[in-house]
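Contents: one structure, followed by commentary.
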Amino acid sequence: MRRFLLNRLLHTIPVLLGVSLVAFFVLRLAPGDPVILITQGDATPEEIEAIRRNLGLDRSIIVQYFAWLGKVVTGDLGQSLYTAQPVLTELLERFPNTLILAASAIVLAIVLGMPLGIIAATRRGTAFDSSSMVVSVLGWSMPNFWLGLMLIVVFGVWLRWLPTGGMYDIMAMEPRFSDLLVHLILPTLTLATAHMAYVARFTRSSLLEVLSQDYIRTARAKGLSGWIVVVRHALRNSLIPIISVLGVTVGNLLGGAVIVESVFSWPGIGSLMVQSIMNRDFPIVQGAMLFAAVVFIFVNLLADLLYAVVDPRIRYD
């Protein structure tokens with residue numbers, strides 16, 4: 271186990287290095303000068319040059335990259351160009367909000383997607399199987415920004431049942447958990463729809479493969495109930511590929527949260543990234559991309575460790 275963890279951690283180094291290269295150099299290709307945006311054009315050329323020199327933007331891009339990378343190795347992601355606050359501090363302040371949204375979405379995707387896939391697999395070839403897979407394809411195909419806007423129009427504008435943005439009511443004297451739950455409904459549904467469809471389709475295909483095995487036919491020949499065979503024998507042996515999919519799904523949720531948070535004005539890392547991209551706040555965007563990469567790697571490592579829990583035959587020696 272220790273050797274396995276060490277190897278996985280060593281393999282993350284080139285991945286994070288690649289993310290840092292993309293995050294740093296691609297941002298510099300975008301038009302716009304962050305210093306001009308900071309000063310809003312109200313500074314003299316001498317003042318602009320002084321600000322650029324103070325921020326280290328007057329140096330070559332290669333020198334800037336290695337200077338930033340040296341700080342990252344020590345845990346310093348730099349400072350925001352606009353708030354002058356440490357990037358890590360701003361990310362940690364926003365991360366719980368993104369975690370609430372992503373966790374709610376993955377729970378909803380599992381709670382609705384897995385039963386849908388199980389029922390479709392046990393009723394293969396029926397009208398329910400066909401209709402559920404059609405719905406899954408539609409759910410996976412819909413862009414989350416479009417779905418979010420449609421939910422806002424229907425439930426927020428026409429019916430006025432649910433709030434359309436934020437985490438809490440801006441008129442409330444203090445934050446309430448019930449208020450958070452109400453504000454969480456639309457963004458969670460938007461973010462979970464595509465992944466619920468993905469989980470349903472993958473659960474169905476994985477379970478169908480297991481249901482065709484000889485030991486499943488033997489269990490049925492012994493007179494065991496159909497659902498006992500499915501839940502106790504077939505489902506557990508089909509969980510390993512499903513866990514792999516869920517690990518990738520978490521990474522996709524983090525990526526999808528960037529758009530969903532912007533649509534619903536959810537104060538998480540995603541909306542912070544969009545705002546920082548518009549403002550050319552390079553340190554925030556670079557730090558957020560690295561932070562998301564670390565979370566994605568950790569989640570997939572956790573998924574690999576869960577294999578041994580699901581299947582005792584798997585050992586990491």
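Numbering (the numbering used here), first residue to last: 271 to 587.
A virtual CB, placed ideally from N, CA and C, is assigned to each residue, including glycine.
Using a threshold of 8 Å, state whether the C-beta atoms of L571 and I513 are closer than that.
no
Meets three-Cβ-pair contact criterion under 8 Å: the region 425–441 and the region 340–354:
Contact between the region 425–441 and the region 340–354 is absent: fewer than 3 CB-CB pairs across the two stretches fall below 8 Å.
Bridge partners for P356 per DSSP, in chain order?
P356 pairs with Q349.
Taking only three categories from DSSP, how would you classify A562?
Helix.
Count Cβ pairs between the region 295–307 and the region 542–560 that sit closer than 8 Å; are there 3 or more?
yes
Return the CA-CA distance between E444 and V480, expressed in angstroms with no decimal places.
51 Å
Pick from D484, L516, L477 that is closest to W497, judged by C-alpha positions
For the residues D484, L516, L477, the minimum Cα distance to W497 belongs to L477.
Quick check on DSSP: helix, strand or coil for R329?
coil
Do the CB positions of M543 and R471 come within less than 8 Å of each other?
With contacts defined by Cβ atoms closer than 8 Å, M543 and R471 do not form a contacting pair.
Pick from V564, A573, P537, F568 that is closest to P366, judged by C-alpha positions
P537
Assess contact between the region 368–382 and the region 517–534, defined as three or more Cβ pairs (one per stretch) separated by less than 8 Å. Is contact present?
Yes: the two stretches touch, three or more of their Cβ pairs being nearer than 8 Å.
Expressed to the nearest angstrom, what Euclidean distance is found between the alpha-carbon atoms of S535 and G435?
5 Å
Check whether the Cβ atoms of V530 and G540 sit closer than 8 Å, and answer yes or no.
yes
In chain order, which alpha helix (DSSP H) runs of at least 4 residues are fully inside the region 390–454?
397–411, 414–421
Can you tell me which of the three DSSP states P315 falls into?
helix
Residue environment, V289, which counts as buried when at least 16 other CB atoms sit within 10 Å
buried
Closest to H465 by C-alpha separation, out of L297, A562, P413, would be which residue?
P413
For G340 and Q223, the rounded distance between their alpha carbons:
Coverage of the chain is limited to positions 271 through 587, which leaves residue 223 absent and any answer about it impossible.
State the Cα-Cα distance for the pair M384 and S448, rounded to the nearest angstrom.
27 Å
Measuring straight from C-alpha to C-alpha, what distance separates Q334 and T282?
Rounded to the nearest whole angstrom, the C-alpha separation of Q334 and T282 is 23 Å.
Apply the 10 Å Cβ neighbour rule to E360 and answer buried if 16 or more other Cβ atoms are within range, or exposed otherwise.
buried
Take the Cβ of T460 as the centre, count every other Cβ of all protein chains shown within 10 Å, and call the residue buried at 16 or more, exposed below.
buried
Quick one: residues in its chain with C-beta nearer than 6 Å to the C-beta of R515, no 5 flanking neighbours on either side, listed in chain order?
In the sequence as displayed, the identity of residue 515 is Val instead of Arg. Cβ within range, chain order: F472.
Could you tell me which of A573, V569, F561, P284 sits nearest to V357, measuring between CA atoms?
F561
Among L275, L280, V296, nearest to P553 - alpha-carbon criterion
V296
For P284, three-class secondary structure by DSSP:
Look at P284 here: in three-state DSSP terms it is helix.
For F425 versus L382, is the C-beta spacing smaller than 8 Å?
Between F425 and L382, the C-beta gap is not smaller than 8 Å, which leaves the two residues out of contact.
If you draw a straight line from the alpha carbon of G326 to that of G345, how long is it in whole angstroms?
If I take the Cα positions, the gap works out to 19 Å.
For the alpha helix (DSSP H) that T344 lies in, which residues bound it at each end?
Note, T344: premise wrong, no alpha helix (DSSP H); not H, not E.
Boundaries of the alpha helix (DSSP H) in which P304 is found, first to last residue
304–309
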